[in-house]
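Student:
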Amino acid sequence: MGKVVVVGDGKTGRGFLGRLLKEAGREILFIDRDQKLVDALNEAGSFTVHFFGDGREPLRVDHFQAAAWENASFEDAELILVSVGGQNLPDVGKSMAGLLDESRHYTVITCENASHPSALLKAAVGKSNISVSEATVFCTTIEGEGLDIRSEDYPCLQCDGDLLEGYEPGIRQIRPFPQFSNFLTRKLYTYNAASCVIAYLGWIKGYENYGDAANDEEILALLDRNYQATNRALCREFGYDEGDQEEFALLSRKKFCDRTIADTISRNARDPQRKLAAGERIIGPIRLLLQYGEDASVLEKTAAAALLYTAPQEKAWTKLRAEKSSGQILEEICKVGREEIIFSDIMNYIDRFEEILRTGNRVPGAMYHL
1 MGKVVVVGDG
11 KTGRGFLGRL
21 LKEAGREILF
31 IDRDQKLVDA
41 LNEAGSFTVH
51 FFGDGREPLR
61 VDHFQAAAWE
71 NASFEDAELI
81 LVSVGGQNLP
91 DVGKSMAGLL
101 DESRHYTVIT
111 CENASHPSAL
121 LKAAVGKSNI
131 SVSEATVFCT
141 TIEGEGLDIR
151 SEDYPCLQCD
161 GDLLEGYEPG
171 IRQIRPFPQF
181 SNFLTRKLYT
191 YNAASCVIAY
201 LGWIKGYENY
211 GDAANDEEIL
221 ALLDRNYQAT
231 NRALCREFGY
241 DEGDQEEFAL
251 LSRKKFCDRT
261 IADTISRNAR
271 DPQRKLAAGE
281 RIIGPIRLLL
291 QYGEDASVLE
301 KTAAAALLYT
311 APQEKAWTKL
321 RAEKSSGQIL
331 EEICKVGREE
341 IIFSDIMNYI
351 DRFEEILRTG
361 NRVPGAMYHL
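Everything in the sequence shown is counted per the working numbering, starting at 1 for the first residue and increasing by one.
1) Within its chain, find whatever has a CB closer than 7 angstroms to the CB of Gly2; leave out the 5 residues flanking it on each side and keep chain order.
2) Going by Cα to Cα distance, which pick from Glu294, Thr136 and Gly126 is closest to Thr230?
3) For the beta strand (DSSP E) holding Lys254, just list the boundary residues, first then last.
4) Of all the alpha helix (DSSP H) runs that stay within the bounds of the region 287-362, which reach a length of 4 or more residues?
5) With DSSP as the reference, identify every bridge partner of Ser150, one or two as the case may be.
6) So, do the region 271-282 and the region 252-263 have three or more beta carbon pairs nearer to each other than 8 angstroms?
7) Among Glu300, Phe180, Ala66 and Arg321, which has the Cα closest to the Cα of Thr310?
8) Rounding to the nearest angstrom, what Cα-Cα distance links Ser131 and Glu102 in this structure?
9) Could you give the DSSP three-state label for Phe16: helix, strand or coil?
10) Using C-beta distances below 6 angstroms, list every residue in its chain close to Ala193, excluding the 5 sequence neighbours before and after it, in chain order.
11) From this set, Glu323, Met367 and Gln173, which residue's C-alpha is nearest Leu220's C-alpha?
12) How is Tyr106 classed by DSSP in three states: helix, strand or coil?
13) Have a look at Asp9 and Leu37 and give me their C-alpha separation to the nearest angstrom.
14) Per DSSP, Ser133 is paired with what?
15) Using the three-state DSSP reduction, which class does Glu385 fall into: helix, strand or coil?
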């Protein structure tokens, strides 16, 4: 068995992928562009994954190596898992291309909740001796003390079996599925869209704790309304069984409302410019809902809240908002034309939410009639 390379040593890379590979007894090489993180991993020699709730003892991940791109090697690599944001995939692809041995074939799985990331990475690599599959990440992970990670105890990584082109991982924690091409979109429009509803509307209502926002009576009512509309639209678009899709949505609801999963509004609301992109988790399902005559108002409200979102750590977003109006961002980032009903709906919700924000005294739990 060759080693497994994990590109991107952040929360998902260490706390989910690293943990799964440790459970599988596989040799791990972590690669990251952050030399300080690489040095810290090599110096410590281990980190611990602590699980939410009381259902499982912490797991120590050790016997790994870490390297920055300058010192990285894919020699003896059986499988490469890439866990970076979608916007970083082109740079990762270019870095990977310089390390590939032309005499052998490589198998890569992207572990990023974006739409069709495998095609983006494969194009960036630009070589034929590589198969790139894609996985969906259901596991919530957050930073702990030092290198430690706090994580949901999610058991596996589901990936596109067709894109593996005959490769069998041989790791029970990595589960290939056939006909996976639409599954990422299903997750994006069910799980990730719902997460945005909670995060951005929770921010409008003054919440900082994600679990508190997820259990807010007003937000829950909106969330359930959106689940119902989304379930119907996805079943019509992809032919899913109605019962299966309802169960899929209920699993996400259960996860988001679980207060033992310590999480924050700021973590789930980060990078609004990415989440507001045309094919992403807010605008994408809005268009699908309208295509099938369903109620898109909850996600239109979510888009409005995201456009108003502010946080000091969101430097790129803060800069963008300083340079462009909400209408310009809708046109240029969201690809929503001013003549579209979506545009006027979202702008009207922005006006409503600006009134709430102007009060300057938002009280979590209060009824704001969003």
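Even for Gly, the Cβ is constructed at its ideal location relative to N, Cα and C.
Model, not experiment: these values are computed from the prediction.
Tutor: On the basis of the coordinates in this document:
1) Asp76, Ala77 and Glu78
2) Glu294
3) It is not in any beta strand (DSSP E) - Lys254 instead sits in the alpha helix (DSSP H) that spans Glu242 to Cys257.
4) 297-308, 315-323, 326-332 and 341-359
5) Note that residue 150 corresponds to Arg in the displayed sequence, not to Ser. Partner(s): His50 and Ile142.
6) no
7) Arg321
8) 13 angstroms
9) helix
10) Arg281 and Pro285
11) Met367
12) strand
13) 8 angstroms
14) Ile109
15) Any property of residue 385 remains undetermined from this structure, which presents the chain solely from 1 to 370.
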